[in-house]
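Undergrad:
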Amino acid sequence: MTTDITTLTPDVVIVGAGPSGLSAARALAPKLGGGVLVLDRESTAGGIPRHSDHPGYGIRDMRRFMSGPAYARRLVEQAEAAGATIRTNATVTGWAGDRAIEATTPEGRIRVEARAVVLATGARERPRPARLIPGDRARGVYTTGHLQNLVHLRHGKVGRRAVIVGAELVSWSAALTLREAGCRTVLMTTEYPRPDSYALFSVPGRILFRTRVATRTRVRRIIGRPELEAVEVENIDTGERRVVECDTLILTGDWIPDHELARAAGITLDPGTKGPLVDSALRTDRPGVFAVGNMLHPVDTADIAAIDGAHVARSVIAWLNGESVPAGQVRLVADAPFRWVSPEILRPGDPVPSRRRLLLWSDRYIPFPQVVLRQGGKVVARRRLWWPAAPGRVFRVPTGILSAVDPKGGTVHIGTR
Amino acid sequence: MSTTGETAVSTTGETMGTTFDVAVIGAGIVGSAIARKLAGYELNVALLDARGDVGDGTSKANTAILHTGFDATPGTLESRLVREGYRLLSDYAERTGIPVEHTGALLVAWTEEELDALPALKEKAERNGYDRTRIVGRDEVYRQVPHLGEGALGGLTVPDESIICTWTTNLALATEAVLRGVTLLLNRRVRSVEERGGRTVLRTSGGEVNARWVVNAAGLGADVIDRLFGHDRFTVTPRRGELLVYDKLARPLVDKIVLPVPTARGKGVLISPTVYGNVLLGPTAEDLTDRTDTGTSEKGLEFLLGKGEKLMPALLREEVTAAYAGLRAASDHPDYLIEADAGRRYVLVGGIRSTGLTSGIAVGEHVAELIGEAGLALTPRKDLPEPPHMPNLGEAGLRPYQDAARIAGDPAYGRVVCFCERVTAGEIRDTFRSPIPPSGLEGLRRRTRAMNGRCQGFFCGAEVGNLMDTKGGSACEQRHPSPEAQR
Ligand SMILES: Cc1cc2nc3c(=O)[nH]c(=O)nc-3n(C[C@H](O)[C@H](O)[C@H](O)COP(=O)(O)OP(=O)(O)OC[C@H]3O[C@@H](n4cnc5c(N)ncnc54)[C@H](O)[C@@H]3O)c2cc1C
Ligand SMILES: Cc1cc2nc3c(=O)[nH]c(=O)nc-3n(C[C@H](O)[C@H](O)[C@H](O)COP(=O)(O)OP(=O)(O)OC[C@H]3O[C@@H](n4cnc5c(N)ncnc54)[C@H](O)[C@@H]3O)c2cc1C
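Sequence lines, in order, name chains F and S.
Quick note on numbering: the first sequence equals residues 1 to 417 in the UniProt record's numbering.
Quick note on numbering: the second sequence equals residues 1 to 487 in the UniProt record's numbering.
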């Protein structure tokens with residue numbers, strides 16, 4: 001019965017109209033005669049910032065300090081002004097060829113046969129089951145995404161006393177949303193020994209929200225049927241447990257890329273990011289398929305995702321012009337305390353990584369980390385950085401450190417001293 | 001009593017005026033199957049449940065396997081009804097569109113002792129009337145399930161063991177019951193009963209219900225009701241089974257049911273694909289006292305992860321999409337306990353522990369026979385409506401989001417609301433126009449799969465909640481009446 005499918009043939013199809021996808025569209029559209037089509041499954045384009053209704057967007061890409069929704073609208077306007085076509089309510093459901101995808105829209109099923117595909121599907125927070133938090137099936141447990149959709153887009157109600165799992169940037173974003181919804185945050189829990197977010201947020205945050213951050217703790221049980229009544233919080237070091245009354249639980253952070261399409265294509269994923277393995281030109285290992293944004297580095301701020309979008313444009317155009325991929329490569333691997341590094345592949349002759357930064361995720365707080373590169377069992381570079389590596393946010397390392405890498409020397413490990 | 005068009009679903013209000021010929025207590029799979037069967041005769045039937053929706057008890061949270069009954073205890077009523085139920089439900093599923101996949105099962109022996117037990121299991125299967133099992137060696141085991149953990153020694157194939165959608169099964173049976181004229185009485189917890197001149201008065205949380213005959217299919221509550229009728233035959237022990245549902249991306253790891261060698265405690269922990277395209281790991285078996293405790297436990301989840309690591313380490317590297325628990329109505333009686341009390345005009349359907357999804361329809365047939373023998377006149381009706389055609393929740397069939405022709409007819413089927421499970425606004429809307437609409441979010445989830453996916457509502461939770469509140473309305477103005485709604 002799947003007969004009457006409309007086929008579209010733009011030069012480039014971009015899956016996902018978040019900051020990264022829209023920025024890629026804006027950069028590509030003026031340069032291509034055959035058209036750039038952006039598909040998004042939501043009814044409004046803009047990605048996560050649409051419902052992240054607080055200031056803190058656009059700093060590095062637009063050189064402004066704006067709210068999420070305003071930032072999203074601006075990205076949409078810019079992409080459209082550049083000549084890109086944005087189609088919402090279009091859920092990409094799978095592949096129909098190497099660079100062809102299928103989507104469901106209210107206007108029918110469509111097939112898009114493009115010359116290049118950019119995956120920009122973002123990342124989401126792990127929900128309760130994926131975190132294996134046992135207990136009752138209580139109502140009142142949300143991720144930040146769910147919470148913000150509910151409060152900012154639907155003006156829905158949550159409870160009055162909340163516990164937030166996590167104390168990173170996104171957790172404070174959740175606290176802001178809760179406050180707007182008239183719900184007090186009574187406790188934030190984090191497994192780390194110190195709150196991870198910028199002092200900028202956490203000190204005034206604590207005063208502003210009158211919220212305590214319980215370090216080295218985790219939620220071990222959910223209590224309440226059918227409505228949430230309390231959670232059991234465990235001190236990881238002592239094993240001691242206590243019951244904290246609440247009617248709302250927000251699970252923040254703990255990101256996982258929306259990598260379904262990448263996996264369905266058989267694209268190799270990085271075991272650390274769980275997003276596609278890419279080189280500094282943001283190519284995946286399927287020719288003509290690129291990836292950008294938080295799917296590659298779960299998660300960084302929106303401006304970084306957006307700059308990825310601009311960065312990929314050059315690579316896409318090179319591919320469309322038939323330029324070949326430089327021969328030879330070295331694999332970059334994150335060693336503890338780093339969980340991942342992005343991009344993961346370096347090739348001589350490829351553009352330097354976006355913003356001349358490697359992005360890493362640290363599982364430990366290090367005030368002034370000395371970053372060390374090892375290749376062939378030897379230390380090839382070290383660099384002391386004057387900003388901390390902290391769990392819960394991306395740690396950026398200037399790419400200058402890569403100059404000592406031997407393109408024929410095999411895998412490069414990045415760690416600390 | 002009307003049979004089509006307007007239907008009789010009542011969530012509140014009195015039925016004082018009516019004396020039903022039969023009242024069935026419990027709208028799980030078993031009670032719904034019984035009500036549907038009895039409504040095939042010239043009888044005025046009521047189906048009661050304590051909950052606000054059908055299928056909100058054990059029938060909503062099980063392992064969803066359509067059992068051949070190969071491992072039942074030969075000669076028991078359970079053995080016979082599971083065998084018959086397999087055939088009846090397979091056939092019913094085909095007619096109504098309940099998702100089923102005949103994946104087959106592989107029972108794996110991990111120790112010499114278990115390996116030695118295989119011939120006896122094969123023989124037992126034969127005594128249960130099932131002769132298609134085959135003992136296979138180690139290599140064949142790994143050929144069939146390449147991702148199985150190390151250390152398997154051999155196995156027994158059960159080619160007809162299948163997977164099914166338990167939610168649609170319950171809903172189809174209850175829907176057909178309603179289409180046949182059964183009065184569905186929800187939010188009616190039976191608290192006490194009274195014999196009053198040839199009829200029984202059921203005093204419920206939602207008023208009195210009068211009936212000449214009463215069938216007790218109350219699952220976990222069946223022993224309590226049985227005592228209200230003056231019996232003292234058995235005690236139900238809620239035996240909790242916890243399960244983990246793995247991400248759809250894990251589905252390529254396993255395409256058949258992987259069973260352990262059963263023990264006296266139960267069928268053990270299995271790995272099974274689901275009709276929704278996920279992979280299940282579970283269940284545990286733990287006796288509780290609280291008959292409502294369907295929460296998960298730290299111990300249970302830890303136990304499952306330990307088992308999973310041995311059974312299929314690759315599975316444990318995948319994401320968990322859901323965790324849930326169901327309560328088996330275990331009892332001190334070794335078999336199903338289905339008995340008619342002619343004097344009291346009462347039938348007990350008890351002890352339907354871990355096979356009731358499969359056997360439900362056969363239990364319905366059996367109850368009709370018993371009740372007929374006990375004196376209720378059964379005159380077959382000639383004007384029965386066609387069975388309902390259920391919306392397809394299974395991955396093996398065409399889903400609305402994939403169906404270009406259907407989307408062309410009604411754009412609401414092209415508007416995906418739940419992205420992970422690809423549930424459309426049209427499907428959500430249809431549930432509110434169906435004979436038994438959902439009474440809450442959980443019911444909507446069981447009818448559509450909305451919010452059951454890997455994001456658990458991160459993206460769609462607010463929108464699905466909104467569609468629940470507006471009964472599917474606001475987001476999709478209806479342009480054409482849907483085929484589902486017209487049925
Ligand atoms: C609560 C919260 C607060 C935040 N606060 C800030 C902040 O203050 N400042 C800041 O800079 N950053 C902030 N961020 C981070 C920022 O939102 C992200 O970095 C940014 O949105 C990432 O952009 P992206 O394009 O990679 O992905 P996304 O914004 O996630 O966009 C991905 C898009 O892809 C679409 N999509 C996915 N799969 C499909 C498919 N199969 N078919 C069609 N479409 C699909 C989605 O609908 C979505 O629109 C916050 C994030 C969160 C969750
Ligand atoms: C973990 C687990 C795995 C299982 N796996 C399988 C499987 O793979 N295959 C299989 O065939 N079977 C399986 N089963 C068994 C199967 O789920 C049950 O046998 C079946 O669901 C029982 O249906 P039921 O209608 O008897 O009970 P229920 O679905 O529990 O229905 C009983 C109903 O009675 C109502 N009720 C109770 N007390 C009262 C009262 N006083 N007044 C009014 N209403 C009342 C309840 O609200 C409930 O809705 C499994 C069970 C569990 C727990």
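By construction, the Cβ of each residue, glycine as well, lies at the ideal position given by its N, Cα and C atoms.
#1: Measuring only between beta-carbons, confirm whether F:N235 sits less than 9 Å from chain S.
#2: If the criterion is Cβ atoms closer than 9 Å, does the pair F:P343 and F:D279 meet it?
#3: Which bits of chain F does S:G457 rub up against, with CB to CB less than 8 Å?
#4: Using a Cβ-Cβ cutoff of less than 8 Å, which residues in the same chain neighbour S:L280 once the five nearest sequence positions on both sides are dropped?
#5: Does the beta carbon of S:F419 come closer than 9 Å to any beta carbon on chain F?
#6: Should F:T104 and F:A120 be called a contact, given that it needs their Cβ atoms to be closer than 9 Å?
#7: Using three-state DSSP, classify F:G94 as helix, strand or coil.
#8: For a test of the three-state rule: what should DSSP assign to S:F70, helix, strand or coil?
#9: Please name the residue in S:Y41, S:T15 and S:G394 whose C-alpha comes closest to that of S:L48.
#10: Determine the DSSP secondary structure at F:Q329, reduced to helix, strand or coil.
#11: Starting from the beta carbon of S:L301, find every residue of chain F whose beta carbon is closer than 7 Å, and list them in chain order.
#12: Give a yes or no on whether the minimum CB-CB distance between S:S297 and chain F is below 9 Å.
#13: Please return the same chain residues whose Cβ sits closer than 7 Å to the Cβ of F:A174, not counting the five positions on each side in sequence.
#14: Any residues in the stretch 298–328 of chain F with a beta carbon nearer than 9 Å to a beta carbon of chain S? Which ones, in chain order?
#15: Compare the C-alpha of F:R194 against each of F:K408, F:R417, F:R364 and F:G16 and name the closest.
#16: Taking C-beta pairs closer than 8 Å, name the residues in chain S that F:T91 reaches, listed in chain order.
#17: Relative to the C-alpha of S:T157, which residue among S:E302, S:D223 and S:F70 is closest?
#18: Among S:G453, S:R433, S:R196 and S:I428, which one has its Cα closest to the Cα of S:N466?
#19: Looking at chain F, which residues of the stretch 385–409 of chain S have a Cβ within less than 8 Å of any of its Cβ atoms?
#20: At least one CB of chain S closer than 9 Å to the CB of F:L200: is that the case?
#21: In chain S, which residues lie with their C-beta within 8 Å of the C-beta of F:L150?
#22: Output the residue ranges of the alpha helix (DSSP H) runs that lie fully inside the stretch 133–203 of chain F and measure 4 residues or longer, sorted by chain position.
#23: For S:G207, which beta-bridge partners are listed by DSSP?
#24: Would you call F:F368 buried or exposed, if buried means 16 or more other Cβ atoms sit within 10 Å of its Cβ?
#25: List the DSSP bridge partners of F:D279.
#26: Just checking: is the beta-carbon of S:E369 within a distance shorter than 9 Å of some beta-carbon in chain F?
#27: Since S:F303 is in the alpha helix (DSSP H), which residue starts that stretch and which ends it?
#28: Of the residues that make up the stretch 343–366 of chain S, which ones have a beta carbon closer than 8 Å to any beta carbon in chain F?
#29: 9 Å is my cut-off, CB to CB: does S:T470 come that close to chain F?
#30: Between S:D21 and the rest of its own chain, which residues show a CB-CB distance below 6 Å, the 5 nearest in sequence each way excluded?
#31: Residues in its own chain within less than 7 Å of S:G5 by CB, not counting five upstream and five downstream?
#32: Buried or exposed, going by whether 16 or more other CB atoms sit within 10 Å of the CB of F:V379?
#33: Name the two residues that bound the continuous beta strand (DSSP E) containing F:D234.
#34: Could you check whether the Cβ of F:G108 sits closer than 9 Å to any Cβ belonging to chain S?
#35: By the three-class DSSP mapping on this structure, what secondary structure does F:I307 have?
#36: Looking at chain F, is there any beta carbon in it that lies within less than 9 Å of the beta carbon of S:R454?
TA: In this structure, then:
#1: On the first sequence, position 235 is the one that residue 235 of chain F refers to. No, its Cβ sits nowhere closer than 9 Å to a Cβ of chain S.
#2: On the first sequence, residue 343 of chain F is found 343 positions in, with the first residue counted as 1. On the first sequence, residue 279 of chain F is found 279 positions in, with the first residue counted as 1. In contact: F:P343 and F:D279 (Cβ atoms closer than 9 Å).
#3: For the purposes of this step, residue 457 of chain S is taken as the residue at position 457 of the second sequence. The answer, in chain order, is P127, Y142, T143 and H146.
#4: The residue labelled residue 280 of chain S in the question sits at position 280 within the second sequence. Counting only residues of its own chain and dropping the five nearest sequence neighbours on each side, S:L280 has a CB closer than 8 Å to the CB of T63, A64, L243, L244, V245, Y246, L270, I271, S272, P273 and T274.
#5: Residue numbering aside, residue 419 of chain S sits at position 419 when the second sequence is read from its first letter. Chain F contact via Cβ: present.
#6: Residue 104 of chain F sits at position 104 when you count from the first residue of the first sequence. Residue 120 of chain F sits at position 120 when you count from the first residue of the first sequence. No, the pair does not count as a contact, with Cβ atoms beyond the cut-off.
#7: Here residue 94 of chain F is taken as the residue at index 94 of the first sequence, counted from 1. Strand, per DSSP.
#8: On the second sequence, residue 70 of chain S is found 70 positions in, with the first residue counted as 1. In the structure shown, S:F70 sits in coil (DSSP, three-state: anything other than H, G, I, E or B).
#9: Counting from one through the second sequence, the residue named residue 48 of chain S turns up at place 48. Looking at the Cα atoms, S:T15 is the closest of the given residues.
#10: Along the first sequence, read from residue 1 onward, the residue named residue 329 of chain F stands at position 329. The answer is coil: DSSP assigns F:Q329 none of H, G, I, E or B.
#11: Looking up residue 301 of chain S in the second sequence gives position 301. Within 7 Å Cβ-Cβ: L132 and P134.
#12: Translated into the one-based positions of the second sequence, residue 297 of chain S becomes position 297. Answer yes: the Cβ-Cβ gap between S:S297 and chain F drops below 9 Å somewhere.
#13: Working through the first sequence from its first residue, we reach residue 174 of chain F at position 174. Once the five neighbours on either side are set aside, the close Cβ partners of F:A174 are T144, L147, I164, I250 and T252.
#14: Result list empty, no residue passes.
#15: Looking up residue 194 of chain F in the first sequence gives position 194. Taking each of F:K408, F:R417, F:R364 and F:G16 in turn and checking the Cα distance to F:R194, the smallest one comes out for F:R364.
#16: Within the first sequence, the letter at position 91 stands for residue 91 of chain F. Within chain S, the residues near F:T91 are Y401, V416, F419 and R422.
#17: To locate residue 157 of chain S, count along the second sequence from 1; it is residue 157. Residue S:F70 is the option with its Cα nearest to S:T157.
#18: Counted from its first residue, the second sequence places residue 466 of chain S at position 466. The shortest C-alpha separation from S:N466 is found at S:I428.
#19: L398, Y401, Q402, D403, A404, A405, R406, I407 and A408
#20: Taking the first sequence and counting its residues from 1, one reaches residue 200 of chain F at position 200. With a pLDDT of 49 at F:L200, under the threshold of 50, the predicted position of this residue should be treated as unreliable, and no value is reported.
#21: Numbered from its first residue, the first sequence carries residue 150 of chain F at position 150. Within chain S, the residues near F:L150 are G461, A462 and G465.
#22: For the stretch 133–203 of chain F, whole alpha helix (DSSP H) runs of length 4 or above, ordered along the chain, are 144–148 and 169–180.
#23: Reading the second sequence from its first residue, position 207 is the one you call residue 207 of chain S. Paired residues: S:T204.
#24: Residue numbering aside, residue 368 of chain F sits at position 368 when the first sequence is read from its first letter. That one is exposed.
#25: Locating residue 279 of chain F in the first sequence gives position 279, where the first residue counts as 1. Bridge partners of F:D279: F:I345.
#26: Residue numbering aside, residue 369 of chain S sits at position 369 when the second sequence is read from its first letter. No, S:E369 does not count as interfacial toward chain F.
#27: For this step, residue 303 of chain S is matched to residue 303 along the second sequence. Start and end: E298 to L311.
#28: none
#29: Counting from one through the second sequence, the residue named residue 470 of chain S turns up at place 470. No, because no Cβ of chain F sits closer than 9 Å to the Cβ of S:T470.
#30: Taking the first residue of the second sequence as position 1, residue 21 of chain S is located at position 21. So the list reads L43, N44 and R212, once near-sequence residues are dropped.
#31: Within the second sequence, numbered from 1, the residue matching residue 5 of chain S stands at position 5. Residue confidence for S:G5 is low, a pLDDT of 38 falling below 50, so the modelled location carries little weight; the figure read from the coordinates is stated next. Excluding residues within five positions, none has a Cβ falling inside 7 Å.
#32: One-based indexing of the first sequence puts residue 379 of chain F at position 379. Exposed, by the Cβ-count rule.
#33: The residue given as residue 234 of chain F occupies position 234 in the first sequence. The question names Asp, but residue 234 of chain F in the sequence shown is Glu. Looking at the DSSP string, the run of the beta strand (DSSP E) that includes F:E234 is A230 to N235.
#34: Along the first sequence, read from residue 1 onward, the residue named residue 108 of chain F stands at position 108. Yes, contact with chain S.
#35: Position 307 of the first sequence, counted from the first residue, corresponds to residue 307 of chain F. Three-state DSSP puts F:I307 in a helix.
#36: For the purposes of this step, residue 454 of chain S is taken as residue 454 along the second sequence, with counting starting at 1. It does; some Cβ of chain F falls within 9 Å.
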